[in-house]
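Asker: Each residue of the sequence shown is one higher than the one before, counting from 24 in the numbering used here. Note that beta-carbon positions come from the ideal geometry of N, C-alpha and C, so glycine has one too.
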Amino acid sequence: MKKIGIALLGLGVVGGGTYEILNNMRETIKKNEGLDIEVKRILERNIDRCKQLGVDLSKITQNIDDIVNDDEIQIVAEFFGGVEPAKSFLLKALKKGKSVVTANKEMFSKCWHELETAAKESGAGLYFEASCVGGVPVIRTLTDSMQANRITSLKGIVNGTTNYILSKMSDEGADYETCLKEAQKLGYAEANPTADVEGFDATYKNSILSSLAYRKRVPVEKVYREGISNVSVEDIAIGKELGYEIKLLAISKLTDEGKIEARVHPAFLPKNHPLSSVKGSFNALYIHGDSVDDVMLYGRGAGALPTGSAIVSDVVFAASKDVHRRYDFECEEVDEGAFATDFKSQYYVRLAVRDSEGTLAKIAAAFAKNGISIRSVLQKEGKNGEVYVVFVTYETKESNVRKTLSQIENFDGVDKVVSILRVEE
């Protein structure tokens, strides 16, 4: 029986869930995998939390050196959140030859390069299944199950907070602020929800997933980001009338020129798209490979036990390996020429107009002049007698749309550009 010692850095929601799973599954893992995995040390300041979980207090420390210098510990699992002190602690562990498991998407997406270099030099393993979609096994699917494919696109709902808010707005017609407060009350959103609602969380995950999909380093700063705080219930209702659902999507794809296009933003999806049925706090990732065609992974993207499940899976995987997988592309410098700078999409545009002769014709002519074809047009009246015209375009470049709208907003008869949303297929 192979004995494995593990240390947990943090005993919060996910750390506590991981501790419970490791204890509850210890005998099963022994039987099925031939591994006796024991929690040897826990780095935690909150003694009450340790008592709540029934932890042997002799295992508690507040000094990372007690862990990295303990020869009975082979694996370190981290649950802090944020870049520091997580990065420094994990680098210490890796340099001592201890394999690392993390659920920390911000730290990992920003520091993968350093962590991978340290792991490679010491021969330790670096595991991060829990960093992207909680309990949904997306990392190993991309690295192992899709090896017979050239992956050409990813499209995912990877943040449960924003999916809950947008689902609530769509299903109940409630406004953004009301739905955000409800999400906070239920514990889906933090008191400061910026990381979720402004798309930062999804951007970190997109960076990691895209790097794996295309075997090239995709830094966070190369992922376009836009949050959901400006999405209105009026646009959601009009979108539903046109046959769409609204989602915050993490998207990446290979362009026709072979460049990587990575972005996070709210977008309309046709109601019959598989991702449109992903409601509430659930997550999903839709992958296209040249051999397998389309694959969708779906499940809970957060929570103590779902994320803890992914952590324990990585712990077992790391414990069973003598030689660990390397992501050599992460040790390379960023290829600045590998990224698209002007991405393509279909667009939903809502304009506030006055009922004056020739306005619609001028708007249509401006779209045509800039090479943008119109897929559908809808006229709507607002609650206070305003007149809105909604255009849905065929696929075109973002720069074309921005240029056209900068012209249109100066037309007589056009009061303002109310909203712009992308439409994905």
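Give the straight-line distance between the Cα atoms of G381 and S422, rounded to the nearest whole angstrom.
Answerer: 26 Å
Asker: With H, G and I counted as helix, E and B as strand and the rest as coil, what does DSSP make of E404?
Answerer: strand
Asker: Is A142 buried or exposed, if buried means 16 or more other CB atoms sit within 10 Å of its CB?
Answerer: buried
Asker: Count the other C-beta atoms from every protein chain shown that fall within 10 angstroms of the C-beta of M24, then say buried if there are 16 or more, exposed otherwise.
Answerer: exposed
Asker: Run the CB neighbour count on P297, radius 10 Å, all protein chains shown included, and call it buried at 16 or more, exposed below.
Answerer: It is exposed - the Cβ of P297 has fewer than 16 other Cβ atoms within 10 Å.
Asker: List the residues that DSSP assigns as beta-bridge partners of P289.
Answerer: Paired residues: L271.
Asker: Short of 6 Å in beta carbon distance, which residues of its chain neighbour S368, apart from the five on each side in sequence? Order them along the chain.
Answerer: Cβ within range, chain order: R445.
Asker: Would DSSP call G222 helix, strand or coil?
Answerer: The DSSP-derived three-state label of G222 is coil.
Asker: Indicate whether A206 and I188 have their beta-carbon atoms separated by less than 8 Å.
Answerer: It is a contact, given that the beta carbons lie within the stated cut-off.
Asker: Look at the alpha carbon of T41 and the alpha carbon of K128, and state the distance between them as a whole number of angstroms.
Answerer: 17 Å
Asker: Between I65 and L34, how many whole angstroms is the CB-CB distance? I'm expecting something under 8 Å.
Answerer: Your pair I65 and L34 checks out as a contact, with CB atoms roughly 6 Å apart and the cut at 8 Å.
Asker: What number of angstroms, rounded off, separates the C-alpha of I443 from the C-alpha of E359?
Answerer: When the Cα atoms are used, I443 and E359 turn out to be separated by approximately 28 Å.
Asker: Leaving aside the five residues before and after M130 along the sequence, list all residues of the same chain whose C-beta is less than 7 Å from its C-beta, in chain order.
Answerer: G105, V106, A109, K110
Asker: Hey, how far is the Cα of K406 from the Cα of D378?
Answerer: Each residue's alpha carbon lies about 16 Å from the other.
Asker: Going by the CB atoms, is the gap between F434 and K385 shorter than 8 Å?
Answerer: yes
Asker: Is it right to say G57 is buried, meaning 16 or more other beta carbons lie within 10 angstroms of its own, or is it exposed?
Answerer: exposed
Asker: Helix, strand or coil for H136 per DSSP?
Answerer: Helix.
Asker: Using only the alpha-carbon positions, how far apart do I283 and C73 sit?
Answerer: Spanning the alpha carbons of I283 and C73 requires a straight line of approximately 45 Å.
Asker: Helix, strand or coil: which one does DSSP assign to F112?
Answerer: helix
Asker: With H, G and I counted as helix, E and B as strand and the rest as coil, what does DSSP make of T5?
Answerer: No statement about residue 5 is possible, as the shown extent of the chain runs from 24 to 448 and does not include it.
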